[in-house]
Amino acid sequence: MPKTLKIDPVTRIEGHAQVELEIDDAKNVTGSIFKVMDFRGFETFLCGMQVEMMPTVSARICGTCPQAHHLAASKTVDKVFGLTPPPAAILLRQALTMGSMIHSHGVHFFALAGPDLLMGIGSPAAKRNIVGLVEQHKALATKALQLRSLGQRATEIIGGRGTHPVTFVPGGVSTPLTVEKRDALVKIADEALEIGAKLVSVVKPALVKQTGLIQALPLETHYMGTVAAGGALDFYDGDLRLRAPNGTATDFKIDDWSKHIYEEVAPGSYAKNTYAKLDGSPKLVYRVGPLARLNCIDTIDTPLAKAEFEAFRALGGSPCHQTVLFHYARLVELVYAVEKLAAIAKNDAILSPDVKAKNPGSPRNACAHVEAPRGVLIHDYKVDKNAILTDVNLIVATQQNIPAINSTIALAAKKFVDKPDDQLLNAVEFGIRCYDPCLSCATHRVGEMKMEVVIRHNGVPVRTVRR
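Going by our numbering, the sequence shown runs without a break in its numbering and finishes at 520.
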């Protein structure tokens, strides 16, 4: 008979998910499905809207990473009208990207993943959360929350709002940065750099010493991320690189995205799955996000992050296939973001009054991308002669990771399918949490944070575990 178990607190992912596992007579896991149950429908109801409104409206898709949608939409609308933003506008957009990364990575690592990594995945569920983390590691948690606040304040200064930015417009930015705001941004950046470096020096040893945990979920896939000139890490601009499990790389322009990746409707889920196609292979599983970005790049152009990047490669190899090292990769990127924000804020060019390109051309279809905290984010718009949207396609990071999340769930479940309910849930959730999924983005509805694991034998449910 199916068995139901209610566990508190709620799971630490963004959105409502259901997991189904298929097992055979020997209780081997033969299949796994990660179902995204939220539905929002932005791609449909955005059609008919003026394309220049996309930077503001698309930021409402998600409250977790609205800056990424604001940036991707702004870059796409630039191309729709043939506009090239001035250097100061690019600096401001890059600074917003860094603020977003600081905020998002700080929240995920310390509030969502931190309780698992610092308290142990076997610790009681009622204590394994941000409250329990504060109780056991008060100084560390306090610093982490300060870092999150600094990222949010940087977003407010540049984007006008902490959650849904409004300042980016076709061709650049609506208003120049004032000296007062620049001084505040420099102060925030310096404080974030000090706190970020300190946090990494404390939590990295706690992570890397857990060798068994690090090696618990190995998964060889392809990887996709943005690379700047010289193969450097870049969150805002660059070409896309698809890295094979053996290390070979294929670079391509964002305009050619449909030649290399495609979407597929997934049964029972509102989130489409995304696969890569390369050299005659039509359905390649690939991953995006921090682990993928570090697997795709060749170097990092800030000193502290570069040193951490080299340590990351020494630990995990290149490319690194250890799923748990998504968490270490976030630490590397966190250091990079605070270093980069400090450098951008101190660049006097950011104060130029020239922040918006003029004389837009006739509207055309266009696509663009940025690196969201969770990975590559693509916006692709089709417009009519009046710049009215006729088709919108949003390819978000979480949906690109879903095929790999399915495989990771199967790996975790194989080890714990015979264990008690709490251990099975812990293992499955820990695997999912490595990807920091954002389910509102993946389907375009803000819902309750629920999770359900269904185990089937010959298509018949034999066990159900809910949280």
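Built from N, CA and C at the ideal position, the CB exists for glycine as well.
Quiz prompt | Nearest-angstrom Cβ-Cβ length linking residue 129 and residue 219, presumed shorter than 8 Å | solution = No, residue 129 and residue 219 are not in contact; Cβ-Cβ is about 17 Å, not under 8 Å.
Exercise. Would you be able to state if there are at least three C-beta pairs under 8 Å between the stretch 419-431 and the stretch 111-125?
Key: The stretch 111-125, when compared against the stretch 419-431, does touch it at the 8 Å Cβ threshold.
Quiz item: For residue 147, which residues from the same chain have a beta carbon less than 7 Å from its beta carbon, with the 5 sequence-adjacent residues on both sides left out?
Solution: Closer than 7 Å at Cβ, skipping near neighbours: 289, 397.
Quiz item: Which residues share a DSSP beta bridge with residue 285?
Solution: Under DSSP, residue 285 forms a beta bridge with 352.
Exercise. Report yes if the CB atom of residue 474 is closer than 8 Å to the CB atom of residue 80, and no otherwise.
Key: Contact: no.
Quiz prompt | Ranges of the alpha helix (DSSP H) found wholly within the stretch 422-486, counting only runs of at least 4 | solution = Counting only unbroken stretches of 4 or more residues, the alpha helix (DSSP H) elements lying wholly within the stretch 422-486 are 450-469, 474-486, in sequence order.
Practice problem: Out of 432, 458, 386, point me to the one whose CA is closest to residue 114's CA. | Solution: Answer by Cα proximity: 432.
Self-check item: Which of helix, strand or coil DSSP assigns to residue 341
Solution: In this structure, residue 341 counts as coil in the three-state DSSP scheme.
Quiz item: Does DSSP put residue 296 in a helix, a strand or coil?
Solution: Note: residue 296 maps to strand in three-state DSSP.
Quiz prompt | Three-state secondary structure assigned by DSSP to residue 130 | solution = It is helical.
Quiz item: residue 499 to residue 439, Cα distance in whole Å?
Solution: Only weak support exists for where residue 499 lies, its pLDDT of 30 falling under 50; the value from the coordinates is given anyway. Each residue's CA atom was taken as its position, placing residue 499 and residue 439 some 32 Å apart.
Quiz item: Can you tell me whether residue 291 is buried or exposed, with buried defined as 16 or more other CB within 10 angstroms of its CB?
Solution: If you draw a 10 Å sphere on the C-beta of residue 291, you find 16 or more other C-beta atoms in it, and that means buried.
Exercise. Could you check the C-alpha separation between residue 212 and residue 391 for me, to the nearest Å?
Key: Take the alpha-carbon of residue 212 and the one of residue 391: they are about 17 Å apart.
Quiz prompt | Sub-8 Å separation of residue 99 and residue 442 beta-carbons | solution = Taking 8 Å as the Cβ cut-off, residue 99 and residue 442 qualify as a contacting pair.
Exercise. Take residue 444 and list the residues in its own chain whose beta-carbon comes closer than 6 Å to its own, dropping the five residues that flank it on each side.
Key: 435.
Quiz item: Would you report the Cα separation of residue 459 and residue 451, rounded to the nearest angstrom?
Solution: If I take the Cα positions, the gap works out to 12 Å.
Quiz prompt | residue 327, buried or exposed, once every other Cβ within 10 Å from all chains shown has been counted against 16 | solution = Residue environment for residue 327: buried (at least 16 other C-beta atoms within 10 angstroms of its C-beta).
Quiz prompt | Nearest neighbour of residue 232, chosen from 448, 399, 461 [CA to CA] | solution = Taking each of 448, 399, 461 in turn and checking the Cα distance to residue 232, the smallest one comes out for 399.
Self-check item: Among 286, 216, 468, nearest to residue 388 - alpha-carbon criterion
Solution: Comparing Cα positions, the closest option is 286.
Exercise. Just the C-alpha distance for residue 252 and residue 134, rounded to the nearest angstrom, thanks.
Key: The straight-line gap from Cα to Cα measures roughly 43 Å.
Self-check item: Short Cβ contact (8 Å threshold) for residue 104 with residue 225
Solution: Remark: C-beta atoms of residue 104 and residue 225 do not approach each other more closely than 8 Å.
Self-check item: Residues sharing a beta bridge with residue 381, DSSP
Solution: Answer is none; residue 381 lacks a bridge partner.
Quiz item: For residue 192, does the count of other Cβ atoms within 10 angstroms reach 16, so buried, or fall short, so exposed?
Solution: Looking at its Cβ environment, which holds fewer than 16 other Cβ atoms inside 10 Å, residue 192 is exposed.
Practice problem: Using three-state DSSP, classify residue 405 as helix, strand or coil. | Solution: The answer is coil: DSSP assigns residue 405 none of H, G, I, E or B.
Exercise. Confirm, please, whether the CB-CB distance from residue 269 to residue 377 is below 8 Å.
Key: A Cβ-Cβ contact shorter than 8 Å links residue 377 with residue 269.
Quiz prompt | Coil, strand or helix - residue 325 by DSSP | solution = Residue state, collapsed to three classes: coil.
Quiz item: Below 8 Å, can you find three or more Cβ-Cβ pairs linking the stretch 152-172 to the stretch 190-207?
Solution: Output reads yes: the stretch 190-207 touches the stretch 152-172.
Exercise. Might you give, ordered along the chain, the residues of its own chain that have their beta carbon closer than 8 Å to the beta carbon of residue 119, omitting 5 neighbours on each side?
Key: Hits under 8 Å: 112, 113, 216, 217, 218.
Quiz item: Looking at C-alpha atoms only, which residue of 490, 284, 229, 519 is the closest neighbour of residue 406?
Solution: If you compare the alpha carbons of 490, 284, 229, 519 with that of residue 406, the shortest gap goes to 229.
Self-check item: For residue 325 and residue 497, the rounded distance between their alpha carbons
Solution: For residue 497, the predicted model reports a pLDDT of 38, less than 50, meaning its position is unreliable and no value from the coordinates is stated.
Quiz item: Opposite residue 510 in the DSSP bridges: which residues?
Solution: Per DSSP, the beta-bridge partners of residue 510 are 76, 513.
Quiz item: By how many angstroms is the C-alpha of residue 149 removed from the C-alpha of residue 138?
Solution: Roughly 15 Å between the two C-alpha positions.
Self-check item: DSSP three-state assignment for residue 97, whether helix, strand or coil
Solution: Reduced to three states, the DSSP call for residue 97 is helix.
Exercise. Identify which residue in 517, 144, 478, 306 has its Cα closest to the Cα of residue 175.
Key: Nearest C-alpha to residue 175: 478.
Practice problem: Please specify which runs of the beta strand (DSSP E), each continuous and at least 3 residues long, are wholly inside the stretch 232-278, giving them in chain order. | Solution: DSSP runs (the beta strand (DSSP E)) wholly in the stretch 232-278: none.
Quiz item: By DSSP, does residue 308 sit in helix, in strand, or in coil?
Solution: It is helical.
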